[in-house]
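Heads up: the structure comes next, in structure tokens.
Written out as structure tokens, the structure reads:
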């Protein structure tokens, strides 16, 4: 906690623009003191929760064998007590991909989901099952699909509807960076602790040094991921080339894993186009 205070004090003292503080946590260490600190500096919080009690405890065990699910729920209640804005984020794996009942039961606010990172590709869920789940909902066969899936497809549907071209998927490393407890800066929260994506330290480097390092690394990775396959893909201007960090990380993985996230994005855009077509047809026939 003391280290976090020092980091915030440094940022408040050395940067003219008001920063936006975001923190990703499992919520198990939150207490009244930390909640008051977050409230004071307008923190936004992302809480990691990966399913019901059994699934979450399996995927996010605590060293002391305590019930991590229970402690995460307690952390969420504390955020709500102090009216600290938060979202719940689920990392989808092959162990928890059937999560509809869980989200319906707890009715969390502002739900997002992300498929497990490519470096853990042995845990990736089966896209065929994911596709079946969406198809059963779109066809009207199953109306219990969770908002977490539908929201992702609706975002893609609205991008098509509004003709929003996406040249770059994310500006991680330029518009926002990840800060570790020791003051180290990385280009993305996914890269925290990975020296390849290190861009400086707020206690050791000047503001200009950090910016120069960040832009240099960002441009190096962006140039490295441009490929003929990507540039010829029909979804290129919808997905913006995907997550540049993820693309860089998975270069050494088997080809089917390299294609996995492209297939996922295209799958959701295909269903987004189906939903949009249904909307247009309904308007015409009304």
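Numbering (this note's numbering), first residue to last: 454 to 739. Where a beta carbon is used, it is the ideal one built from N, C-alpha and C, also for glycine.
Looking at C-alpha atoms only, which residue of 727, 710, 646, 723 is the closest neighbour of residue 579?
-> 710
Around the Cβ of residue 737, are there at least 16 other Cβ atoms within 10 angstroms (buried) or fewer (exposed)?
-> exposed
Leaving out five residues on either side along the sequence, give the residues of the same chain with a beta carbon under 6 Å from the beta carbon of residue 621.
-> 693
Please classify residue 493: is it buried, with 16 or more other beta-carbons within 10 angstroms of its beta-carbon, or exposed?
-> By the neighbour-count criterion, in which a residue is buried when 16 or more other Cβ atoms sit within 10 angstroms of its Cβ, residue 493 is exposed.
Taking the alpha carbon of residue 577 as the point to measure from, which residue in 729, 732, 716 has its own alpha carbon closest?
-> 716
For residue 485 and residue 723, the rounded distance between their alpha carbons = 46 Å
Hey, residue 506 and residue 548 are a contact pair by Cβ (cut 8 Å); roughly how many whole angstroms apart?
-> In fact, because the Cβ distance is near 14 Å, the residues do not count as touching under 8 Å.
Below 8 Å on the Cβ atoms is my guess for residue 544 versus residue 565; work out the distance and round it to an integer in Å.
-> Not a contact, Cβ separation roughly 10 Å.
Would residue 593 be called buried (16 or more neighbouring beta carbons within 10 Å of its own) or exposed?
-> exposed
What is the residue span of the beta strand (DSSP E) that residue 501 lies within?
-> Looking at the DSSP string, the run of the beta strand (DSSP E) that includes residue 501 is 497–501.
Secondary structure at residue 726, three-state DSSP: helix, strand or coil?
-> helix
Are residue 477 and residue 642 touching if we call contact CB-CB under 9 Å?
-> yes
To the nearest angstrom, how far is it from the Cα of residue 707 to the Cα of residue 727?
-> Straight through space, the alpha carbons of residue 727 and residue 707 are spaced by roughly 31 Å.
Identify which residue in 517, 567, 521 has its Cα closest to the Cα of residue 828.
-> Given a span of 454 to 739 for the chain in the structure shown, any question on residue 828 remains unanswerable.
For residue 606, does the count of other Cβ atoms within 10 angstroms reach 16, so buried, or fall short, so exposed?
-> Residue 606 should be labelled buried.
Ordered list of beta strand (DSSP E) runs contained in the stretch 502–579, each at least 3 residues | Runs of the beta strand (DSSP E) inside the stretch 502–579: 539–545, 564–568.
DSSP state of residue 483 mapped onto helix, strand, coil | coil
Within the stretch 610–683, note down every full beta strand (DSSP E) run reaching 3 residues or more, in order along the chain.
-> 637–639, 651–654
How would you write the range of the alpha helix (DSSP H) that residue 466 sits in, first residue to last?
-> 455–467
If residue 637 and residue 617 are in contact, beta carbons under 8 Å, what's the gap, nearest whole angstrom?
-> 34 Å between Cβ atoms; not a contact.
Check the DSSP bridge columns for residue 475 and list the partner residues they point to.
-> 497
Within its chain, find whatever has a CB closer than 6 Å to the CB of residue 671; leave out the 5 residues flanking it on each side and keep chain order.
-> Same-chain partners within the cutoff: 626, 627.
Expressed to the nearest angstrom, what Euclidean distance is found between the alpha-carbon atoms of residue 668 and residue 735?
-> 47 Å
Counted within 10 angstroms of its Cβ, other Cβ atoms place residue 488 as buried (16 or more) or exposed = buried
Apart from the five residues on each side of it in sequence, which residues of its chain come closer than 6 Å, Cβ to Cβ, to residue 563?
-> 540
Does the Cβ-Cβ distance between residue 456 and residue 634 come in under 9 Å?
-> yes
Neighbourhood of residue 683 by C-beta, 7 Å cutoff - its chain only, sequence neighbours within 5 removed | Within the same chain, residue 683 has close Cβ partners 689, 694.
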